[in-house]
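**Q**
2 protein chains.
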Amino acid sequence: MPLPDVSQFIPHIAYDSVVFGFSKGKLKILLMEYHATGWFALPGGFVRKNEDLEDAVKRGLYERTGLKDIYLEQFQTFGTRERHNPEIMEAILKANGHEVPRNYWMLDRFFSVAYYALIDHEKVTLTPDALSDSISWYEVEKLPALIFDHAKIVQKALQTLRENLDRKLIGGNLLPEKFTMNELQSVYEAILGEKLRRTSFQRKMLSLDILERHEKLFTGKSHKAPYLYSFKS
Amino acid sequence: MPLPDVSQFIPHIAYDSVVFGFSKGKLKILLMEYHATGWFALPGGFVRKNEDLEDAVKRGLYERTGLKDIYLEQFQTFGTRERHNPEIMEAILKANGHEVPRNYWMLDRFFSVAYYALIDHEKVTLTPDALSDSISWYEVEKLPALIFDHAKIVQKALQTLRENLDRKLIGGNLLPEKFTMNELQSVYEAILGEKLRRTSFQRKMLSLDILERHEKLFTGKSHKAPYLYSFKS
DNA sequence: TAATATTGTCTCAATTCGTAACAATAGAAC
DNA sequence: GTTCTATTGTTACGAATTGAGACAATATTA
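Line by line, the protein sequences are chains P and F.
Number 72 in the working numbering belongs to position 72 of the first sequence; there are no gaps in the numbering.
In short: position in the second sequence from 1, add 1000, done, that's the working numbering.
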């Protein structure tokens, strides 16, 4: 596969996405591992000349997760000179067996518009891109070292997610359509990084009048079965 | 003055700033009026190749207001194709007596990173830029029509400012160093667009323990003189 | 000295929140 | 079937916060 041609993309503009998922009680994000370098990075990409910014992000997410209609929020654009590291980008391209032309556009300084996405961990089909060996889930609390300023981007994403959690009531996007109150509470606890009081949480969620109560979930465990809930549409 | 040369700027990247000020009980923003067109726009600009994004914004604000150390917050990046209007940009340049070369860089599609700033209305010395007849204050509630998507940018700035008002306690940036509780309340009311209860507001502000109380302000009016306050540093 | 307008503080009820207690119940143990 | 255990949904109650008004203080005018 040849190197991407600048003619179809807008130079100097990129996006990076912090894709949050939730499984086994842990908050996780998607990271790509670049071929033959052992370097990890956020899934990102470029914007086509005839494409809206947000559509470019959605396209990238679709290619890597197979999902459309993802909950997506732009949270910051990163534009320091410090983040410009042509040596690292060149090494990544060379590790993929490419001849890198002098002044190749991907080595230029880029402004990255960062988005976070919330998805149901069960629904994804992960597909690496051309430069990557793998794309997979990593616990937010146990991330490997990331290239460029991607660690800073993750931190800012997490901070924004925490601030928006109550304000925009977005926690449900990390769960399947139907879920128990306990699962929802676990999502909140994983995002906020602290334990919450069961009864207060239940009372607050119910008082917001955003949940619809469905049938009970019988797990086979020897105790009272919890109700399933979904967000009102 | 010749047209700016692309060689010193990064193409496709611009910024726009929504500069809020407060005077006579009204929330206002700065708008530029382009020469000979009657068109209004937000103060914006481009990023130099050896310059950080935020420094570019500060540079632009300094050139137009004479202020440094401005409270500044990035709130969104606009990247739709729809906002690309080379005809309008060309008309603005031509109205300034420029010959516009074919494929001139300023006619390209731009991504705009939007910031809002909060400044003390009394401190500014307004200076128009090369393309503008004037730069001056306009009430947020009575804005003229704006070019491109600038009306949408202002709306988003206002929304973000409202959301951040309590969270970040930034209202004081619109006032002089010392102010009365009543003035601070007026700022809040102008931003939120609603009247607040005097006693609740006073109690809340004092309980936050962020204000320092100074001498009284004697206005000459025949009633009890209010205290002056400043934000604790 | 009285009148007026505005300010700073206090009071009391309404609401929300933290905390614990309690009743309901699905399955396991017997 | 009965009892036991773990977990869930709900209620109760005091603490903290908030809404709304009352009231005293005071700078100037009449």
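Don't be surprised by glycine CBs; every beta carbon is placed ideally from N, CA and C.
1) Using C-beta distances below 7 angstroms, list every residue in its chain close to F/M1089, excluding the 5 sequence neighbours before and after it, in chain order.
2) Write down every uninterrupted run of the alpha helix (DSSP H) in the stretch 1044-1086 of chain F whose length is 4 residues or greater and which is fully enclosed by it, in chain order.
3) Contact check, F/N1096 vs F/L1131 under 8 angstroms by CB: the rounded distance?
4) Assuming the contact rule is C-beta atoms closer than 8 angstroms, F/S1017 and F/L1042 should be a hit. Round their C-beta distance to whole Å, please.
5) Roughly how many angstroms lie between the CA atoms of F/W1137 and F/K1195, to the nearest whole one?
6) DSSP three-state label for P/V100, please.
7) For the 8 angstroms Cβ check, are there 3 or more pairs between the stretch 203-216 of chain P and the stretch 1004-1016 of chain F?
8) So F/F1022 and F/H1121 are supposed to be a Cβ contact under 8 angstroms. How far apart are they, rounded?
9) Got a sec? Which residues, its chain only, sit under 6 angstroms from F/S1230 by beta carbon, not counting five neighbours each side?
10) Report the neighbours of F/N1050 on chain P: residues whose CB is nearer than 8 angstroms to its CB, in chain order.
11) Of all the CB atoms in chain F, is at least one closer than 7 angstroms to the CB of P/H12?
12) Is it true that the CB of F/L1118 sits closer than 7 angstroms to the CB of F/F1020?
13) Can F/L1192 be considered in contact with the ligand FMN, in the sense that its beta carbon sits closer than 6 angstroms to one or more heavy atoms?
14) For P/F111, decide whether its Cβ has a neighbour in chain F, counting only Cβ atoms nearer than 7 angstroms.
15) How is the beta strand (DSSP E) around P/M32 delimited, first residue to last?
16) Could you give the C-beta distance for P/I70 and P/V154, rounded to a whole number, given that I count them as a contact under 8 angstroms?
17) Should F/L1165 be flagged as near chain P, meaning a C-beta pair shorter than 7 angstroms?
18) Helix, strand or coil: how does DSSP classify F/E1177 here?
19) Excluding sequence positions up to five away, which residues of its chain have a Cβ less than 6 angstroms from the Cβ of F/D1055?
20) Within its chain, find whatever has a CB closer than 6 angstroms to the CB of F/W1039; leave out the 5 residues flanking it on each side and keep chain order.
21) In the DSSP assignment, find the alpha helix (DSSP H) that holds P/I13 and state where it starts and stops.
22) When you compare each of F/Y1034, F/P1086, F/D1209 and F/V1113 to F/L1072 by their alpha carbons, which one comes out closest?
23) Could you tell me the distance, in whole angstroms, from the CA atom of F/E1189 to the CA atom of F/Y1227?
24) Using DSSP's beta-bridge definition, name the partner residues of P/E183.
25) Note down, in chain order, all residues in the stretch 29-55 of chain P with a beta-carbon under 8 angstroms from any beta-carbon belonging to chain F.
26) Might you give, ordered along the chain, the residues of its own chain that have their beta carbon closer than 6 angstroms to the beta carbon of F/G1044, omitting 5 neighbours on each side?
27) Which ranges would you report for the beta strand (DSSP E) in the stretch 190-214 of chain P if only whole runs of at least 3 residues count?
28) What are the partner residues of F/L1228, as DSSP defines its beta bridges?
29) Of all Cβ atoms in chain P, is any one closer than 7 angstroms to the Cβ of F/T1125?
30) Pick from F/I1191, F/K1068, F/S1222 and F/R1083: whose alpha carbon is nearest that of F/D1166?
31) Span of the alpha helix (DSSP H) holding F/L1158?
32) Taking the beta carbon of P/M32 as the centre, do at least 16 other beta carbons fall within 10 Å, making it buried, or is it exposed?
33) Look up F/V1140 in the DSSP assignment and say whether it is helix, strand or coil.
34) Return the first residue and the last residue of the beta strand (DSSP E) that F/F1218 is part of.
35) Quick one: residues in its chain with C-beta nearer than 8 angstroms to the C-beta of F/I1225, no 5 flanking neighbours on either side, listed in chain order?
36) In the DSSP assignment, what are the bridge partners of P/V113?
**A** On the basis of the coordinates in this document:
1) Here residue 1089 of chain F corresponds to residue number 89 of the second sequence, with the count starting at 1. For F/M1089, where only same-chain residues beyond five positions count, the Cβ hits under 7 angstroms are M1106 and L1107.
2) 1053-1065
3) Numbered from 1 along the second sequence, position 96 holds the residue referred to as residue 1096 of chain F. Numbered from 1 along the second sequence, position 131 holds the residue referred to as residue 1131 of chain F. About 5 angstroms; that satisfies the 8 angstroms criterion.
4) For the purposes of this step, residue 1017 of chain F is taken as residue 17 along the second sequence, with counting starting at 1. For the purposes of this step, residue 1042 of chain F is taken as residue 42 along the second sequence, with counting starting at 1. With a Cβ gap of about 6 angstroms, F/S1017 and F/L1042 count as contacting.
5) Stepping through the second sequence from its first residue, residue 1137 of chain F is reached at position 137. Stepping through the second sequence from its first residue, residue 1195 of chain F is reached at position 195. Each residue's Cα considered, the two are about 23 angstroms apart.
6) Here residue 100 of chain P corresponds to residue number 100 of the first sequence, with the count starting at 1. Coil.
7) no
8) Start at 1 with the first residue of the second sequence, and residue 1022 of chain F comes out as number 22. Start at 1 with the first residue of the second sequence, and residue 1121 of chain F comes out as number 121. Confirmed, Cβ separation roughly 6 angstroms.
9) Mapped onto the second sequence, residue 1230 of chain F falls at position 230. Counting only Cβ-Cβ distances below 6 angstroms, and skipping sequence neighbours, we find E1177, K1178 and E1212.
10) On the second sequence, position 50 is the one that residue 1050 of chain F refers to. In chain order: R81.
11) For the purposes of this step, residue 12 of chain P is identified with residue 12 of the first sequence, where counting begins at 1. It does; some Cβ of chain F falls within 7 angstroms.
12) Along the second sequence, one-based indexing puts residue 1020 of chain F at 20. Along the second sequence, one-based indexing puts residue 1118 of chain F at 118. Closer than 7 angstroms, so yes.
13) Questions concerning the ligand FMN fall outside what the structure shown contains, since it holds no ligand whatsoever.
14) In the first sequence, the residue the question calls residue 111 of chain P occupies position 111. Answer yes: the Cβ-Cβ gap between P/F111 and chain F drops below 7 angstroms somewhere.
15) Numbered from 1 along the first sequence, position 32 holds the residue referred to as residue 32 of chain P. Run containing P/M32: K26 to Y34, per the beta strand (DSSP E) assignment.
16) Counted from its first residue, the first sequence places residue 70 of chain P at position 70. Counted from its first residue, the first sequence places residue 154 of chain P at position 154. About 18 angstroms separates the two Cβ atoms, so there is no contact after all.
17) For this step, residue 1165 of chain F is matched to residue 165 along the second sequence. For F/L1165, the answer is no, since every Cβ of chain P falls outside 7 angstroms of its Cβ.
18) Taking the second sequence and counting its residues from 1, one reaches residue 1177 of chain F at position 177. Correct three-state label for F/E1177: coil.
19) Counting from one through the second sequence, the residue named residue 1055 of chain F turns up at place 55. Contacts found: none.
20) Start at 1 with the first residue of the second sequence, and residue 1039 of chain F comes out as number 39. Excluding sequence neighbours, F/W1039 sits near I1147.
21) Indexing the first sequence from 1 puts residue 13 of chain P at position 13. Element bounds for P/I13: not the alpha helix (DSSP H) but the beta strand (DSSP E), F9 to S23.
22) Here residue 1072 of chain F corresponds to residue number 72 of the second sequence, with the count starting at 1. It is F/V1113 whose Cα lies nearest to the Cα of F/L1072.
23) Within the second sequence, the letter at position 189 stands for residue 1189 of chain F. Within the second sequence, the letter at position 227 stands for residue 1227 of chain F. So the alpha carbons of these two residues sit roughly 20 angstroms apart.
24) Translated into positions along the first sequence, residue 183 of chain P becomes position 183. None; P/E183 has no bridge partner.
25) V47, K49, N50, E51, D52, L53 and E54
26) Taking the second sequence and counting its residues from 1, one reaches residue 1044 of chain F at position 44. For F/G1044, where only same-chain residues beyond five positions count, the Cβ hits under 6 angstroms are A1014, Y1015 and D1016.
27) none
28) Numbered from its first residue, the second sequence carries residue 1228 of chain F at position 228. Answer by DSSP bridge pairing, in chain order: F/T1180.
29) Numbered from its first residue, the second sequence carries residue 1125 of chain F at position 125. No - not a single Cβ of chain P is within 7 angstroms of the one on F/T1125.
30) Here residue 1166 of chain F refers to the residue found at position 166 of the second sequence. For the residues F/I1191, F/K1068, F/S1222 and F/R1083, the minimum Cα distance to F/D1166 belongs to F/I1191.
31) Here the question's residue 1158 of chain F lines up with position 158 in the second sequence. Counting along the chain, the alpha helix (DSSP H) containing F/L1158 begins and ends at H1150 to K1168.
32) As a working mapping, residue 32 of chain P is identified with position 32 in the first sequence. So P/M32 ends up on the buried side.
33) Here residue 1140 of chain F refers to the residue found at position 140 when the second sequence is read from its first residue. If DSSP states are grouped into helix, strand and coil, F/V1140 belongs with the helices.
34) In the second sequence, the residue the question calls residue 1218 of chain F occupies position 218. First-last for F/F1218: undefined, no H or E at that position.
35) In the second sequence, counting from the first residue as 1, residue 1225 of chain F sits at position 225. The sequence as given places Ala at residue 1225 of chain F; Ile does not occur at that position. Closer than 8 angstroms at the Cβ level, and outside the excluded window around F/A1225, lie K1216, L1217, F1218 and T1219.
36) Residue numbering aside, residue 113 of chain P sits at position 113 when the first sequence is read from its first letter. For P/V113, which the question treats as bridged, DSSP gives the partners P/Y15 and P/T77.
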